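Contents: one structure, followed by commentary.
Residue numbers (our numbering): 303 to 426.
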């Protein structure tokens, strides 16, 4: 009987953890994709954050508040893997959800730009 319980526990653990993990990518993995032509980094922070805090190389800026209105701008990137980020990950999760609903291939950068900068500052 305990084997059955263990199997049920493992089944639900895999289902519930994989659903969330599929939508996120760690900075360490995203860095490897930085120069890939089939990857687009989408920054959903404000233009002020983008300007004064820096950004990921070649990132496209569409603030999360404008994303729904400007979604047609992203149609040209529909065949690409889109990695969405904001400052900490909260806004980019909302953007990721919206873009998934519109059938984009999209992933959220875990920890956002804070995690990105922390990763590179630890490499110095």
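A virtual CB, placed ideally from N, CA and C, is assigned to each residue, including glycine.
Computed from a predicted model, the values in this text were never measured in an experiment.
For residue 340, name the three-state secondary structure that DSSP assigns.
-> coil
Exposed or buried, residue 323, counting other C-beta atoms within 10 Å across all chains shown (16 or more means buried)?
-> The predicted position of residue 323 is uncertain, since its pLDDT is 49 and thus under 50; no value can be drawn from it.
In terms of DSSP beta bridges, what is residue 348 paired with?
-> Beta-bridge pairing links residue 348 to no other residue.
Candidates 400, 394, 351 and 377: which alpha carbon is nearest residue 299's?
-> Residue 299 is absent from the model: the chain starts at 303 and stops at 426.
Grouping DSSP H, G and I as helix and E and B as strand, with all else coil, what is residue 363?
-> strand
Taking the alpha-carbon positions, what's the residue 400 to residue 370 distance?
-> 8 Å
Please list, in chain order, all residues of the same chain as residue 320 whose beta carbon is under 7 Å from its beta carbon, the five residues on each side excluded.
-> Any reading at residue 320 must be qualified, since the residue scores a pLDDT of 40, below 50, and its modelled position is unreliable; the value itself is stated next. No residues qualify anywhere along the chain.
With DSSP as the reference, label residue 373 as helix, strand or coil.
-> In the three-state DSSP reduction, residue 373 falls in the helix class (H, G or I).
Out of 424, 422, 406 and 339, state which residue places its alpha-carbon closest to the alpha-carbon of residue 374.
-> 406
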